[in-house]
Structure formats: C-alpha cells, structure tokens
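Accompanying notes for the structure given below.
What follows is the structure, given as structure tokens:
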C-alpha cells in the first residue's frame, strides 16, 4: 500500500506536536516504542476506510442490475389514457358547459387533439389551479392543460412543452370606476383580486403595498362577483376571460395591459418519448390548421 510523505508527516506531528528534527534522542526512543502501535492504528484506520469504500460499492458491482423504471410514455400507451389536470374556472381555455356538464374550451379541445394523435383518450381531472403542479409531480396527473404560462419557477419542477398561444394579463375594473394606473405598483391602496397560484398572483404578491390589499381566490366567478359588488376595486386576469365575464357583468373594462409569457402544457421531466409525442402533435396542429381553427372558435 502506498503512503505519501505528507501523510506520514501529518501522523507524526499529530503525535508529538513537533517536527522530527526537533525531537531529542530520548523522545525518539520513547516514540519509537509506540511506533509499532501507531502504525497498527494507521493501517487499521486505512483498512477500515478502504473496507467501507469497497463495501459501499460492492452492491452496485456484485448485485443484479437495477430494473428499468417504466417511462411515462410507455405507461400512458399501455393504459390507453392520459390523465390530464385542469382548472375549469378559466374560460375560454377551460370551463364546464352548464347544459352538458362536460368540460370544454380551447385547452380541452387541444389536449383532446393531442391525445387522439397519440392514439389514447383523455381522463380529465378537474382541480384547483394551485394544486396542479403538485398533482403532476406526484403522479396523480400526467399533464397539465390549464392556460399555464411558462415561468422559471414552474419549469424548475416540471417540463414545459412547446408553447401554443400567447395572451396578455389585464387589470379589470367596473365600468363606473375612475381608477387609472401607469404601472402595477400604482395599485397600492386598492383592493384587488387574483386567482391563487397564477402569474397574476405571483406578480402582485411581489409588490410591497399591493400585496397587503390583495385577496386570492380559488374560483374566478367568485372574484368577479366581488368586483361587481364593490368588495374589490380591480381584478388581475388573463385577457381572454374578460370577454365571457363581460357578458355576465356588462360594463367591466380593462385599464391596464401587461404582456404575459407564452402558454404551454406541462409534464414531468424524464420522458423524452412523451415530450416528443406531444410536441409533434402540437406542431401538426399548427401545420394542418387545427390550432388556428381552435383560436378562431374560442377567441373569435
């Protein structure tokens, strides 16, 4: 076994507290008596360290190879369905048809198109928006289709797929409101509403003062109802949903527009086959005019 000079020097200094040159003859004699014991200790320590190292690696070297972890794509294809999570309170991207009690909207149609291209069906799971990321990372759902903007924070835990539409975020007030702003910070002192977990929530929560008078909602319809009654001075939402709610609350108006990141589906990291299949389907949707037709259908 090879030991460097530096290794021995450290051992000797540790025993005597001095360099070898400064030791007296008697000290050397006494020290030499214990040298054999010291070397035994050194060998024991080194042997233990090496033994632990070998023991640590032996299972990987001698044991059977680990079983392959099933890929999400293979699981979905074998199952014949893809579990997709959404939040139905965000029209026209996703909503519940009050007549059929079925989900409908732009994201719903697009996800169904993607699934059909893959040769599977969609199992829709409707949940609160702020529960979607945990549901996807935890395996409850395979994909998020819920007007989800691409952000650094979301992309740190889930994989964004190719984006398919880009919209704006807007500040909406009642028609009788005299509120005017030049920037979001001007909302300080006014009562605002956002949907929990959205980029609108994240954006206003980061502004001191504005955050203190901000109310977070699970249901967007409740938020607009509070705007109508005067509980809120404004709401901060994606621009496309304003058209639908303006039919329920005529007179609401947009007073400020904020550019937003593009929108995409999200899946778990680790399945190149699944991301390739979904991205390919979306690319085909652009090429064959399907996505343009869906935009015309849901956004006019």
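Numbering (our numbering), first residue to last: 243 to 542. Where a beta carbon is used, it is the ideal one built from N, C-alpha and C, also for glycine.
Runs of the alpha helix (DSSP H) lying entirely within the stretch 425 to 502, each at least 4 residues long, are 441 to 447, 462 to 471, 482 to 490 in chain order. The closest CA to that of residue 480, considering only 538, 321, 435, is found on 435. Straight-line measurement puts the Cα of residue 345 at about 6 angstroms from the Cα of residue 337.
For residue 330, the number of other beta carbons within 10 angstroms of its own is at least 16, and it is reported as buried.
For the 9 angstroms CB-CB criterion, residue 509 and residue 352 do not form a contact.
Taking 9 angstroms as the cut-off, the Cβ atoms of residue 384 and residue 324 count as close. Counting only runs of at least 4 residues, the stretch 360 to 392 fully encloses the following alpha helix (DSSP H) elements, listed from N- to C-terminal order: 374 to 379.
For residue 422, no beta strand (DSSP E) segment is defined, and its DSSP state is neither H nor E. Each residue's CA atom was taken as its position, placing residue 486 and residue 497 some 17 angstroms apart. Contact check between the stretch 401 to 411 and the stretch 505 to 520: three or more CB pairs, one atom from each, fall below 8 angstroms, which counts as touching. Excluding five sequence positions before and after residue 377, the CB atoms of its chain that fall closer than 7 angstroms to its own CB belong to 327, 369, 383, given in chain order. The C-alpha of residue 355 lies about 27 angstroms from the C-alpha of residue 394. Judged by DSSP in its simplified three-state form, residue 411 adopts strand.
C-alpha of residue 534 to C-alpha of residue 397: approximately 26 angstroms in a straight line.
In the DSSP assignment, residue 325 falls within the unbroken beta strand (DSSP E) covering 323 to 328. Secondary structure note for residue 539: its alpha helix (DSSP H) is the uninterrupted segment 532 to 541. Rounded to whole angstroms, the separation of the alpha carbons of residue 503 and residue 430 is 24 angstroms. Residue pairing from DSSP places residue 337 in a beta bridge opposite 346. In the DSSP annotation of this structure, the continuous segment of the alpha helix (DSSP H) that includes residue 396 starts and ends at 394 to 397. Between residue 335 and residue 389, the beta carbon gap of about 4 angstroms places them in contact (Cβ cut-off 8 angstroms). Taking 9 angstroms as the cut-off, the Cβ atoms of residue 412 and residue 421 do not count as close.
Across the structure, residue 532 and residue 523 are spaced so that their CA atoms are roughly 10 angstroms apart. According to DSSP, residue pairing for residue 332 in a beta bridge involves 336. Following the DSSP letters along the chain, one finds residue 506 in no alpha helix (DSSP H), marked with neither H nor E.
Here residue 490 is exposed: its Cβ has fewer than 16 other Cβ atoms, across all protein chains shown, within 10 Å. Taking 9 angstroms as the cut-off, the beta carbon of residue 468 is found closer than this to the beta carbon of residue 457. Rounded to whole angstroms, the separation of the alpha carbons of residue 452 and residue 432 is 7 angstroms. Between residue 536 and residue 348 a beta carbon distance of about 6 angstroms is seen, short of the 8 angstroms cut, so the two are scored as contacting. Counting the other CB atoms within 10 Å of its CB gives residue 513 a total of 16 or more, which places it among the buried residues.
Distances from the alpha-carbon of residue 530 to those of 333, 319, 322, 359 put 359 closest.
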